[in-house]
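Participant: Under our numbering, the first residue of the sequence shown is numbered -16, with each subsequent residue one higher.
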Amino acid sequence: MSKQSKQLTETAPPKRKRGRPATGNDPMIAFRMPDELKAEIDAWAAAQDDKPPRSEAMRRLMKIGLAAGAGTAKVSTRAQPRRPAKRGVTGL
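1. In this structure, does DSSP put M45 in helix, strand or coil?
2. When the distance is taken between beta carbons, is A28 closer than 8 Å to P35?
3. Classify A40: buried if its beta carbon has 16 or more other beta carbons within 10 angstroms, exposed otherwise.
4. Cα separation between A(-5) and D32?
5. Three-state secondary structure (DSSP) at R3?
6. At what residues does the alpha helix (DSSP H) containing I24 begin and finish?
7. Which of helix, strand or coil does DSSP assign to R15?
Structural data, given as structure tokens:
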């Protein structure tokens, strides 16, 4: 076998990509959650037959809420509206 034909038959191993390997197809979304809400989600998950982890329980609860039409409901995210200033800004 000549050098040229040997070079054609032998291939280099594929190069590995740098960084952590992909863990899933969907992007991760992170947000802050009060402890009381986490406890409610955990309690709901514990009541399910298959005892899903918190992330799966959150996905299921969101789907249930959206299917029920909760996606169109307006929910206030603020505890109390801000009060207007008592004194106006003057002399600017």
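Ideal Cβ placement from N, Cα and C applies to all residues, glycine included.
Facilitator: In terms of the structure at hand:
1. Three-state result, M45: helix.
2. Yes, they are a contact pair.
3. Result: buried.
4. About 50 Å.
5. coil
6. 18 to 30
7. coil
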